[in-house]
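Residue numbers (UniProt numbering), protein chains in the order written: chain Y, 1 to 262; chain W, 1 to 262; chain L, 1 to 262. Below you'll find the structure, written out as structure tokens, and then a few comments.
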Amino acid sequence: MQPDLLPCHRAASVLQNLRLSSPLVHCMTNDVVQNFTANVLLALGAAPAMVIEPEEAAQFSPLADSLLINVGTLTADRSRAMLVAIHAANASSTPWVFDPVAVGGLAFRTQFARDILALCPAAVRGNASEILALAGETAGGRGVDSTADALSALPAAQHLAQLTGAIVAVTGEIDYVTDGNNAWAIAGGGALMTRVVGTGCALSAVVAACCSLPGSRLDNVASACRFMKLAGEQAIAVSRGPGSFSPAFLDALYLMNGEALA
Amino acid sequence: MQPDLLPCHRAASVLQNLRLSSPLVHCMTNDVVQNFTANVLLALGAAPAMVIEPEEAAQFSPLADSLLINVGTLTADRSRAMLVAIHAANASSTPWVFDPVAVGGLAFRTQFARDILALCPAAVRGNASEILALAGETAGGRGVDSTADALSALPAAQHLAQLTGAIVAVTGEIDYVTDGNNAWAIAGGGALMTRVVGTGCALSAVVAACCSLPGSRLDNVASACRFMKLAGEQAIAVSRGPGSFSPAFLDALYLMNGEALA
Amino acid sequence: MQPDLLPCHRAASVLQNLRLSSPLVHCMTNDVVQNFTANVLLALGAAPAMVIEPEEAAQFSPLADSLLINVGTLTADRSRAMLVAIHAANASSTPWVFDPVAVGGLAFRTQFARDILALCPAAVRGNASEILALAGETAGGRGVDSTADALSALPAAQHLAQLTGAIVAVTGEIDYVTDGNNAWAIAGGGALMTRVVGTGCALSAVVAACCSLPGSRLDNVASACRFMKLAGEQAIAVSRGPGSFSPAFLDALYLMNGEALA
Chain Y
1 MQPDLLPCHR
11 AASVLQNLRL
21 SSPLVHCMTN
31 DVVQNFTANV
41 LLALGAAPAM
51 VIEPEEAAQF
61 SPLADSLLIN
71 VGTLTADRSR
81 AMLVAIHAAN
91 ASSTPWVFDP
101 VAVGGLAFRT
111 QFARDILALC
121 PAAVRGNASE
131 ILALAGETAG
141 GRGVDSTADA
151 LSALPAAQHL
161 AQLTGAIVAV
171 TGEIDYVTDG
181 NNAWAIAGGG
191 ALMTRVVGTG
201 CALSAVVAAC
211 CSLPGSRLDN
221 VASACRFMKL
231 AGEQAIAVSR
241 GPGSFSPAFL
251 DALYLMNGEA
261 LA
Chain W
1 MQPDLLPCHR
11 AASVLQNLRL
21 SSPLVHCMTN
31 DVVQNFTANV
41 LLALGAAPAM
51 VIEPEEAAQF
61 SPLADSLLIN
71 VGTLTADRSR
81 AMLVAIHAAN
91 ASSTPWVFDP
101 VAVGGLAFRT
111 QFARDILALC
121 PAAVRGNASE
131 ILALAGETAG
141 GRGVDSTADA
151 LSALPAAQHL
161 AQLTGAIVAV
171 TGEIDYVTDG
181 NNAWAIAGGG
191 ALMTRVVGTG
201 CALSAVVAAC
211 CSLPGSRLDN
221 VASACRFMKL
231 AGEQAIAVSR
241 GPGSFSPAFL
251 DALYLMNGEA
261 LA
Chain L
1 MQPDLLPCHR
11 AASVLQNLRL
21 SSPLVHCMTN
31 DVVQNFTANV
41 LLALGAAPAM
51 VIEPEEAAQF
61 SPLADSLLIN
71 VGTLTADRSR
81 AMLVAIHAAN
91 ASSTPWVFDP
101 VAVGGLAFRT
111 QFARDILALC
121 PAAVRGNASE
131 ILALAGETAG
141 GRGVDSTADA
151 LSALPAAQHL
161 AQLTGAIVAV
171 TGEIDYVTDG
181 NNAWAIAGGG
191 ALMTRVVGTG
201 CALSAVVAAC
211 CSLPGSRLDN
221 VASACRFMKL
231 AGEQAIAVSR
241 GPGSFSPAFL
251 DALYLMNGEA
261 LA
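Pasting the structure below:
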């Protein structure tokens, strides 16, 4: 069963909330995408802060509006800092979002992912292979690429949402976002987005920003996906390749408004 | 009291010196802005080198023309490497510059900042919240954002300059640079620069490059601010948003000359 | 003696192979260039993955099509992870490529470079200073800049190739690639490429991608150099400076085909 498309007016209303509150997102993310992630948040109207020393991370998470945990370049040291930050976030009711980059294929991060999944993430955002792996099903991941399509992983996403209480976003050519019962589909974007590193990781940061907003968390997470799909589509329309895509993508996020979303 | 604007011919003369000597800047900076910082230095005609292993950092600082210390993503390990590099720089009279990112709000880096402030930085560059915190006054920082304006922090900057012997730059809508007695104001730039991560951090790297040049250090640091303000202004004039800003900004630094500064 | 230019049809055939197999490159590279390196590989049609925890690196190298080792921001921790990854790569016959950034000038990385040179790299890519240093000859390096020209380092490159069995690429205004007996020259590019951080480091990642392809490894490595020289040349032709260069460069890699190479 194909879920309905997220209605435009819901995304427009989430964007308005995001611009009003400019949430501060504590990003504990991988080394490859830190700059792009920060620029995506800034372009959209949120505020990024990367704080990684365990003591500081524990102090900072409660001050932030949300926390992002991305295991792309996980190390043992970084995993300890992340744990401390998650516990501090939970103690202060700061929502935290999990991006399980390449989980399933690599043993160390897969174990870490299973451990932190029990710590009540507000949302999980991954590709089909990652969501299938988190839900305990096998999939053919190859690094950060997914060899499964997103719709085929929707049942696993629903199962994972029911199990953890998180909103689960499984992203691909079409994105699916579910709370375990209901689901939205989000269309847009294009293949060129897979030729630019960090579009998925940055989406997870936008999901974190949106998890701090009032209203339905399902709608908030789905709207984050829609912002990125729409900006991707608009940027592809004016790009010659992945180089010209990136500036156009950031501009589109910056210029996005309710009309563009309609 | 509003200080005078830095005269154009002083900035032009500093730019000429920078292009002639192409200073090699040893950058120990945060993970988010390393690439942008290196590209800003290269665009302007300086040479960046990021060397972080303690043994190598100690060997490299005396070979470089200046050293940048930026605590944006400080860790305990990195703080030890920075200390070693600062001592080696001081032993060889290599000027070092301090960027106290988010100092005041986070305990670990605030203690580290107080410790190294005693080690004779050539210059300190921060926003109003950071400079107020360094000078022992309270301020409302939120991550890397400043909630105080730069002029209100000028007395704290003057106090800090007198205390440490450093040139202190407090940056914002207008930048102020002081040696404790005299001060310059630097106008330009625009709000879009706050929507691109690393413009402040990269400015600190340019300040480090300029601290290696002959002549008045006050003029040198103020000129670094002016280069960035002017390039920002020129880039904003041809940008649709923060994505198109970045390439235009680097081009403007590369193409900058005495005429543009006049 | 000036080697012959690499014939166009050889580079075209290597590009075709690269696009067909889309090699997965395990990149253990420096903190400054991770994003650009990933985007260069993606633009050209390869797939990057940055995995750095020792246990994961050892698990991942055998799954990847090749491994890149770049010591630009080497730390003691990172050097241990690299060693484990190299041994795992060798055990599974995954080719690995070495980029000896700033070797010669800094003691810690120079010792590490000498150690891993004995572990059978498939290829080594460096500037003249770095290749001279690796071959045991002195050179005047200044950070990542080379003060020697590439042709003067060709004898050292040939010696190094004979000693290690690696293809050695010494790059500069003209690149030279040798297996110890034969050599190709590769022209193109331009001085603006030295004003953008990571063009050399990203080339080494492309060399790693090409080392996984069938056919002559000498031709494969020389073709990697040619792809970057050609994209550089095309990007310079449409750029105002280093800012507009980067997007144009990635677009040129993405749009490259046999015709463009002819």
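Think of the CB as a built atom: it goes at the ideal place given N, C-alpha and C, for glycine as much as any other residue. Since we're looking at a predicted model, the values are computed, not measured.
Would you mind stating whether Y/Gly72 and Y/Val97 have Cβ atoms separated by less than 9 Å?
Contact check for Y/Gly72 against Y/Val97 fails: the beta carbons are separated by 9 Å or more.
Three-state class that DSSP yields for Y/Pro48 in the structure shown:
Y/Pro48: strand per DSSP, three-state reduction.
Span separating the alpha-carbon of W/Pro3 from that of W/His26
Each residue's Cα considered, the two are about 32 Å apart.
Considering just the uninterrupted stretch of the beta strand (DSSP E) at W/Asp149, what are its terminal residues?
Run containing W/Asp149: none; DSSP gives neither H nor E here.
Buried or exposed, going by whether 16 or more other CB atoms sit within 10 Å of the CB of residue 285 of chain W?
Summary: the structure shown does not reach residue 285 of chain W, with chain W confined to residues 1 through 262, and so no result is reported for it.
Applying a beta-carbon distance threshold of less than 7 Å, which residues of chain Y neighbour W/Arg125?
The contacting residues do not exist; W/Arg125 stays about 19 Å from chain Y at best.
is_contact[Y/Phe108, chain L] using C-beta, thresh 9 Å
By this cut-off, Y/Phe108 is an interface position.
Between the C-alpha atoms of L/Leu261 and L/Gly136, what's the straight-line distance to the nearest angstrom?
Between L/Leu261 and L/Gly136, the C-alpha separation is close to 36 Å.
Neighbouring residues, chain Y, relative to L/Val32 (Cβ below 7 Å):
The contact set of L/Val32 on chain Y, defined by CB atoms closer than 7 Å, is empty, because the minimum CB distance reaches about 10 Å.
Cβ pair L/Ala118, L/Thr164 closer than 9 Å
In contact: L/Ala118 and L/Thr164 (Cβ atoms closer than 9 Å).
Closest Cβ-Cβ distance between Y/Asn35 and chain W: below 9 Å?
Among the CB atoms of chain W, one or more fall inside 9 Å of the CB of Y/Asn35.
C-beta atoms of Y/Leu68 and Y/Ala248 nearer than 9 Å
Their beta carbons are not under 9 Å apart, which means Y/Leu68 does not touch Y/Ala248 by this criterion.
Less than 7 Å between C-beta atoms, sequence neighbours within five positions excluded: which residues of the same chain meet that for L/Pro242?
Correct list, in chain order: Leu192, Arg195 and Val196.
Can you pull the chain W neighbours of Y/Asn39, defined as C-beta to C-beta under 7 Å?
In chain order: Val196, Val197 and Pro242.
Does DSSP put Y/Asn70 in a helix, in a strand, or in coil?
Correct three-state label for Y/Asn70: strand.
Mind checking whether Y/Asp175 and Y/Ala43 have CB atoms under 9 Å apart?
At the C-beta level, Y/Asp175 and Y/Ala43 stay beyond 9 Å of one another.
Any beta carbon from chain Y within less than 9 Å of W/Gly180's own beta carbon?
Residue-level contact check: W/Gly180 does not touch chain Y, since none of the beta carbons of chain Y fall below 9 Å from its beta carbon.
Applying the criterion that 16 or more other CB atoms from any shown protein chain within 10 Å of the CB defines a buried residue, is W/Leu15 buried or exposed?
Buried is the label assigned to W/Leu15, since at least 16 other Cβ atoms lie within 10 Å of its Cβ.
In chain L, which residues lie less than 8 Å from Y/Gly202 when you measure between Cβ atoms?
For the sequence presented, residue 202 of chain Y should be read as Ala rather than Gly. Near Y/Ala202 there are no residues of chain L at all, since even the closest Cβ is about 11 Å away, more than 8 Å.
Nearest by alpha-carbon distance to W/Ala85: which of W/Arg109, W/Pro121 and W/Arg114 is it?
Selected option, being the one with the closest Cα: W/Pro121.
Name the two residues that bound the continuous beta strand (DSSP E) containing residue 278 of chain Y.
Outside the displayed span of chain Y (1 to 262) sits residue 278 of chain Y, for which this structure offers no information.
Where are the alpha helix (DSSP H) runs, 4 residues long or more, that stay fully inside the stretch 213-261 of chain Y, in chain order?
You should have 217-237, 242-255 and 258-261.
Please check if any C-beta of chain A sits within less than 9 Å of the C-beta of Y/Thr73.
This model lacks chain A altogether, as its protein chains are Y, W and L.
Taking 6 Å as the limit between beta carbons, can you name the residues of its chain near L/Asn17, skipping five residues before and five after?
In the same chain as L/Asn17, and ignoring 5 residues on each side of it, the C-beta atoms closer than 6 Å to its own belong to Leu213, in chain order.
Between the beta-carbon of L/Ala166 and the beta-carbon of L/Ala123, is there less than 9 Å?
A contact, by the Cβ cut-off of 9 Å.
Quick check on L/Ile174: does DSSP put it in helix, strand or coil?
The answer is coil: DSSP assigns L/Ile174 none of H, G, I, E or B.
Strictly below 9 Å CB to CB, what residues from chain W border Y/Leu42?
Result: Thr194, Arg195, Val196, Val197 and Pro242.
Strictly under 9 Å for the Cβ-Cβ distance: is W/Ala49 near chain L by that measure?
With 9 Å as the cut-off, W/Ala49 counts as an interface residue toward chain L.
Along chain L, in chain order, which residues have C-beta atoms closer than 7 Å to that of Y/Pro100?
Per Cβ cutoff of 7 Å: no residues; Y/Pro100 is ~14 Å from chain L at best.
Secondary structure, alpha helix (DSSP H): runs of 4+ residues fully inside the stretch 66-138 of chain Y
For the stretch 66-138 of chain Y, the full-length alpha helix (DSSP H) segments reaching 4 residues or more read 76-91, 107-117 and 128-134 along the chain.
Quick check: L/Ala107 and L/Leu132, are their CB atoms within less than 9 Å of each other?
Cβ atoms of L/Ala107 and L/Leu132: not closer than 9 Å.
Per-residue burial, W/Gln111 [other beta carbons within 10 Å of its own, 16 or more giving buried]
Flag for W/Gln111 reads exposed.
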